[in-house]
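**Student:** Dropping a structure here in structure tokens format, bear with me for questions.
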Amino acid sequence: MKLHKLATLAAMTFTVSAPLQAATWSDTFIGYRYGSEFTEPNNARDVSKNIVQLTHASGYSLGQNYFNLDVLKSGSEDPANGSSDGATEFYLAYRHQLHLGKLFDTDLGFGPVKEVALTAGFDLNTKNSAFAPRKRFLAVGPTLKFDVPGFLDLSLYYARESNHCGLAFCTHQDLSFDPYYQINLAWGLPFEAVGLPMKFQGFTNYNGAKGKDYFNNETKPEHLLRASLMLDVGQLAFNKKNIFWLGVGYEYWRNKYGNHGKPGVDTDAPTLNMEWHF
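Residue 138 in my numbering sits at position 140 of the sequence shown, and the numbers go up by one each step.
Here you go:
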């Protein structure tokens, strides 16, 4: 069986099987972030974005689930197709971890690593811009889970991606990219500073090149970092932990979507971030 079929099968299996297990812990929040220095390929202007997110993470006896939906509303610098209003994008990500030590009832920890997992998942997106992307992404691979307060996970994925180009002059309007690898580091680290309850959280992805793009140009490796430093305002104001967080974030993106040598493919965007947990 080809590797991309294995990735598809693994993602489907994890997606179906995980909800059948009772949750042992969970955390759900609605988030908001705003920045005015985002970028889009082939657009030389900085783009402002209001972003609302719904995030859920939960664990069960053999692993854990992660779900995130971002709704991104651009300013007029990034218009919707046929409009002067800003475009709207929906981006959905799901990951499932199967903890192999728990599955086989054995200790797989070594050094700073407390557990080894097999992770699978998918991303989906759509945006009403003239480009009209429809990303379909599948990933599967091992994850090392480090023994730290909070979490620190390092994953190596085999990835498959397809997407759509709505521009009339695209050489390929529906394109399946070459398989590529993704290195993912995700973290959520609580700490105190001068008596203030805080956390440092985020993720970074490094994607290998994925072959030719919609115009037969070779793609280049892509690097995305999204991180935030948050203060537990709810604990300080109402003595209620993990209810309301306020902080600042930063998005660093190079060769966005594998593009290079054109405007708008590199991002350095500070953000204001908020989270309401329930």
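No residue lacks a Cβ here, since even glycine has one placed at the ideal position from N, Cα and C.
DSSP three-state label for G57, please.
**Tutor:** The residue labelled residue 57 in the question sits at position 59 within the sequence shown. In this structure, G57 counts as strand in the three-state DSSP scheme.
**Student:** Are the Cβ atoms of F102 and T124 separated by less than 7 Å?
**Tutor:** Taking the sequence shown and counting its residues from 1, the one referred to as residue 102 is at position 104. Taking the sequence shown and counting its residues from 1, the one referred to as residue 124 is at position 126. Not in contact: F102 and T124 (Cβ atoms no closer than 7 Å).
**Student:** Does DSSP classify A207 as helix, strand or coil?
**Tutor:** Residue 207 sits at position 209 when you count from the first residue of the sequence shown. Three-state DSSP puts A207 in coil, outside helix and strand.
**Student:** Between which two residues does the beta strand (DSSP E) holding V138 run?
**Tutor:** Residue mapping note: residue 138 aligns to position 140 of the sequence shown, counting from 1. Run containing V138: 134 to 144, per the beta strand (DSSP E) assignment.
**Student:** Ignoring anything shorter than 3 residues, give me the beta strand (DSSP E) runs that lie fully in the stretch 142 to 188, in order along the chain.
**Tutor:** DSSP runs (the beta strand (DSSP E)) wholly in the stretch 142 to 188: 149 to 162, 172 to 174.
**Student:** Taking C-beta to C-beta, are N203 and N182 nearer than 7 Å?
**Tutor:** In the sequence shown, counting from the first residue as 1, residue 203 sits at position 205. In the sequence shown, counting from the first residue as 1, residue 182 sits at position 184. Yes, Cβ-Cβ distance for N203 and N182 is below 7 Å.
**Student:** Does the separation of the CB atoms of L60 and I28 fall below 7 Å?
**Tutor:** The residue given as residue 60 occupies position 62 in the sequence shown. The residue given as residue 28 occupies position 30 in the sequence shown. For L60 and I28, no; Cβs fall outside 7 Å.
**Student:** Under a three-way DSSP split, which group does K238 fall into?
**Tutor:** One-based indexing of the sequence shown puts residue 238 at position 240. In the structure shown, K238 sits in coil (DSSP, three-state: anything other than H, G, I, E or B).
**Student:** Checking 7 Å against the spacing of the C-beta atoms, do K208 and G256 come in under that value?
**Tutor:** Here residue 208 refers to the residue found at position 210 when the sequence shown is read from its first residue. Here residue 256 refers to the residue found at position 258 when the sequence shown is read from its first residue. A contact, by the Cβ cut-off of 7 Å.
**Student:** Let's see if you can read the secondary structure: which residues bound the alpha helix (DSSP H) around G99?
**Tutor:** Position 101 of the sequence shown, counting from 1, holds the residue named residue 99. Element bounds for G99: 98 to 101.
**Student:** By the DSSP assignment, the beta strand (DSSP E) with G119 in it spans what residues?
**Tutor:** For the purposes of this step, residue 119 is taken as residue 121 along the sequence shown, with counting starting at 1. Looking at the DSSP string, the run of the beta strand (DSSP E) that includes G119 is 111 to 125.
**Student:** On the DSSP bridge list, what partners appear for H275?
**Tutor:** For the purposes of this step, residue 275 is identified with residue 277 of the sequence shown, where counting begins at 1. BP columns for H275 point to F27.
**Student:** Determine whether the beta carbon atoms of L116 and L136 lie at a separation below 7 Å.
**Tutor:** Working through the sequence shown from its first residue, we reach residue 116 at position 118. Working through the sequence shown from its first residue, we reach residue 136 at position 138. Cβ atoms of L116 and L136: not closer than 7 Å.
**Student:** What number of angstroms, rounded off, separates the C-alpha of S15 from the C-alpha of G200?
**Tutor:** Taking the sequence shown and counting its residues from 1, one reaches residue 15 at position 17. Taking the sequence shown and counting its residues from 1, one reaches residue 200 at position 202. Any answer about S15 is weak, because its pLDDT of 48 lies below 50 and its placement is not dependable; what the coordinates show is given next. So the two alpha carbons sit approximately 27 Å from each other.
**Student:** I believe H94 touches N126 by the beta-carbon criterion, under 8 Å. Please report the beta-carbon distance rounded to the nearest angstrom.
**Tutor:** For the purposes of this step, residue 94 is identified with residue 96 of the sequence shown, where counting begins at 1. For the purposes of this step, residue 126 is identified with residue 128 of the sequence shown, where counting begins at 1. That belief does not hold up - the Cβ atoms of H94 and N126 are roughly 30 Å apart, past 8 Å.
**Student:** With DSSP run on the structure shown, which of helix, strand or coil describes G232?
**Tutor:** Looking up residue 232 in the sequence shown gives position 234. Of the three classes helix, strand and coil, the one that applies to G232 here is helix, per DSSP.
**Student:** Around the C-beta of G148, are 16 or more other C-beta atoms found within 10 angstroms, so that it is buried, or is it exposed?
**Tutor:** The sequence position of residue 148 within the sequence shown is 150, counting from 1. Exposed, by the Cβ-count rule.
**Student:** To the nearest angstrom, how far is it from the Cα of V45 to the Cα of E273?
**Tutor:** The sequence position of residue 45 within the sequence shown is 47, counting from 1. The sequence position of residue 273 within the sequence shown is 275, counting from 1. If I take the Cα positions, the gap works out to 23 Å.
**Student:** Mark N271 as exposed unless 16 or more other C-beta atoms lie within 10 angstroms of its C-beta, in which case mark it buried.
**Tutor:** Along the sequence shown, one-based indexing puts residue 271 at 273. With 16 or more other Cβ atoms within 10 Å, it is buried.
**Student:** Spatial neighbours of S226 within its chain, please: C-beta separation below 7 Å, excluding the five flanking residues on both sides.
**Tutor:** Within the sequence shown, residue 226 is the residue found at index 228, counting from 1. Excluding positions up to five away in sequence, the list reads Q199, G200, G245, V246, G247, N271.
**Student:** Count the other CB atoms, across all protein chains shown, that sit within 10 Å of the CB of K254; report buried if there are 16 or more and exposed otherwise.
**Tutor:** Position 256 of the sequence shown, counted from the first residue, corresponds to residue 254. So K254 counts as buried.
**Student:** Cβ of R43 less than 7 Å from any chain C Cβ?
**Tutor:** Going by chain labels, chain C is absent from the structure shown, which holds only one protein chain.
**Student:** Taking 7 Å as the cut-off, decide whether the C-beta atoms of G262 and N40 are in contact.
**Tutor:** For the purposes of this step, residue 262 is taken as the residue at position 264 of the sequence shown. For the purposes of this step, residue 40 is taken as the residue at position 42 of the sequence shown. Yes, they are a contact pair.
**Student:** Counting C-beta neighbours from all protein chains within 10 Å, is the total for K47 16 or more, i.e. buried, or is it exposed?
**Tutor:** Residue 47 sits at position 49 when you count from the first residue of the sequence shown. Classification for K47: buried.
**Student:** Would you identify the three-state DSSP class for G262, choosing helix, strand or coil?
**Tutor:** By one-based count along the sequence shown, residue 262 stands at place 264. Note: G262 maps to coil in three-state DSSP.
**Student:** Which value, in whole angstroms, describes the spacing of the CA atoms of G141 and L152?
**Tutor:** Here residue 141 corresponds to residue number 143 of the sequence shown, with the count starting at 1. Here residue 152 corresponds to residue number 154 of the sequence shown, with the count starting at 1. Per the sequence shown, the amino acid found at residue 141 is Thr instead of Gly. Going by the C-alpha atoms only, they are around 5 Å apart.
**Student:** If distances are taken between C-alpha atoms only, which option among T169, K197, W243 comes closest to N215?
**Tutor:** Here residue 215 is taken as the residue at index 217 of the sequence shown, counted from 1. N215 has its Cα closest to that of T169, out of T169, K197, W243.
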